[in-house]
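A.B. asks: Residue numbers (the numbering used here): 5 to 199.
Just so it is clear, CB atoms sit at the ideal spot from N, CA and C, and this is done for glycine as well.
Structure incoming, see below.
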C-alpha cells in the first residue's frame, strides 16, 4: 500500500492521460476547442489579476515583481486564444508532433529504467520493457507516418495515450506488488530466529 501511495502522482497522471485519450477519441476537435478556450479564459483572468495587483502594490514593490508585464502578456495571450480558437485548432497537429517527440524521449527513458532494473536484478522489469517499447513505437509512428487526416492523427494519439497510461498503471502496480514480497520474507526469518 505504501508503494502505491508513493506512486500515486504517476497513477493520477496516467488516469488523466486516459481521460484525455478518451475525449480525443470521442470528439477531438470539440475537446481541443474547449481546452483552448478554457486556457484562454484562465490566462485572461490571470492577466487581469496581475494588472490589478500591480496597481494596488507599492510602486517599488510593483516594479520589482513585473506584474504589469506578466499581466499584459497573459491578458493578450488569453484574448488571442479566445478569438483565434479555430486557427489554434488547425495548428493542433503540430502539438501532436511535439507529443510524438516527447513520447519517444519518455520511451527512451523507460528503456534506461528497464536496463537498470535488469542489472540490479529487480522484479517487474518486463512490464516496464513493454511500456518502453510501446512508447518508442508510438513516438516513431506519430513522427514518421504521414496520416491522411488530422482527425485520424488525433484518434491515434488518443489510443496511444490510453494504451500507454494503462501499461504505466500496470507497471506501478506490478512494481508495488513485487516490492512487498521481499519485505515480508525477512520478517518471517526474524520470527524463526526468535523461536
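#1: On a Cα-Cα basis, can you pick out the residue from 101, 73, 15, 70 that is closest to residue 148?
#2: Measuring straight from C-alpha to C-alpha, what distance separates residue 140 and residue 168?
#3: Return helix, strand or coil for residue 60, following the three-state DSSP convention.
#4: Quick one: measure Cβ to Cβ for residue 47 and residue 82, integer angstroms, because I've assumed they're closer than 8 Å.
#5: Please state the DSSP three-state secondary structure of residue 44.
#6: Could you pull out every residue in the same chain whose Cβ sits closer than 7 Å to the Cβ of residue 2, ignoring the five residues on either side in sequence?
#7: Give the straight-line distance between the Cα atoms of residue 120 and residue 110, rounded to the nearest whole angstrom.
#8: Would residue 41 and residue 118 be called neighbours here (beta carbons separated by less than 8 Å)?
#9: At the level of alpha carbons, what is the spacing between residue 15 and residue 114?
#10: Any idea what DSSP makes of residue 125, helix, strand or coil?
#11: Can you check which of these residues, 108, 112, 74, is closest to residue 49 by C-alpha distance?
#12: Using DSSP with H/G/I as helix, E/B as strand and the rest coil, what is residue 24?
#13: Using 8 Å as the Cβ pair cut-off and three pairs as the minimum, do the segment 153-167 and the segment 23-41 touch?
#14: With a threshold of 16 other CB atoms inside 10 Å of the CB of residue 122, please say whether the residue is buried or exposed.
#15: Would you decide whether residue 21 is buried or exposed? Buried here means 16 or more other CB atoms lie within 10 Å of its CB.
#16: Here's the rule: buried if 16 or more other CB atoms are within 10 angstroms of the residue's CB, otherwise exposed. What is residue 38?
#17: Along the chain, where does the alpha helix (DSSP H) that runs through residue 149 open and close?
#18: In this structure, does DSSP put residue 116 in helix, strand or coil?
#19: Can you give me the Cβ contacts of residue 78 inside the same chain, cut-off strictly under 8 Å, excluding the 5 residues immediately before and after it?
C.D. replies: Let me lay it out:
#1: 101
#2: 11 Å
#3: helix
#4: 3 Å
#5: helix
#6: Because the chain spans 5 through 199 in this model, residue 2 falls outside it and cannot be assessed.
#7: 15 Å
#8: no
#9: 16 Å
#10: coil
#11: 74
#12: helix
#13: yes
#14: exposed
#15: buried
#16: exposed
#17: Careful: residue 149 lies outside any alpha helix (DSSP H) and carries neither H nor E.
#18: helix
#19: 47, 48, 50, 51, 54
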